[in-house]
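Mapping to my numbering: the sequence shown position 44 is 73, numbers consecutive. Where a beta carbon is used, it is the ideal one built from N, C-alpha and C, also for glycine. What follows is a single structure, written as structure tokens, with notes after it.
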Amino acid sequence: ICETCQSAEATFNCVTCTGNHGWCQPCLIKSHQSLPFHKIQFWNSVCFQDVNLSNQGFIWHLGHGGEPCPSY
Numbered sequence: 030i031c032e033t034c035q036s037a038e039a040t041f042n043c044v045t046c047t048g049n050h051g052w053c054q055p056c057l058i059k060s061h062q063s064l065p066f067h068k069i070q071f072w073n074s075v076c077f078q079d080v081n082l083s084n085q086g087f088i089w090h091l092g093h094g095g096e097p098c099p100s101y
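Shown next, in the form of structure tokens:
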């Protein structure tokens, strides 16, 4: 179970973060909004495999506190 939303399956973990964390995809993106260089892994039902944050929908917003530019 995802440690953030407590409702979805935790299929992602972060090797870089300290502790043993598990997130669903939306919570992974939220929790790593300011940590774009962390090493992420995905549980494929057999083992963890390395994945890229950008392939999971991560968009790195520069400025505006990590939020999208309000002008767009």
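By alpha-carbon positions, which one of the options ends up nearest to residue i?
i	options	result
Val-80	Cys-43, Pro-99, Leu-64 and Cys-56	Cys-43
Cys-34	Lys-59, Ile-69 and Gln-85	Lys-59
Looking at residue i: is its Cβ nearer than 9 angstroms to the Cβ of residue j?
i	j	result
Gln-54	Phe-41	yes
Phe-87	His-61	yes
Leu-64	Thr-47	no
Helix, strand or coil for residue i per DSSP?
i	result
Cys-34	coil
Gln-54	helix
Gln-85	helix
Below 6 angstroms CB to CB, which residues in the same chain sit around residue i once its five sequence neighbours on both sides are set aside?
i	result
Asn-73	none
Leaving aside the five residues before and after residue i along the sequence, list all residues of the same chain whose C-beta is less than 7 angstroms from its C-beta, in chain order.
i	result
His-50	Glu-32, Asn-42 and Cys-43
Closer than 8 angstroms by C-beta to residue i: which residues in its own chain qualify, once you throw out the five before and the five after it? Chain order, please.
i	result
Glu-38	Ile-30, Cys-31 and Cys-53
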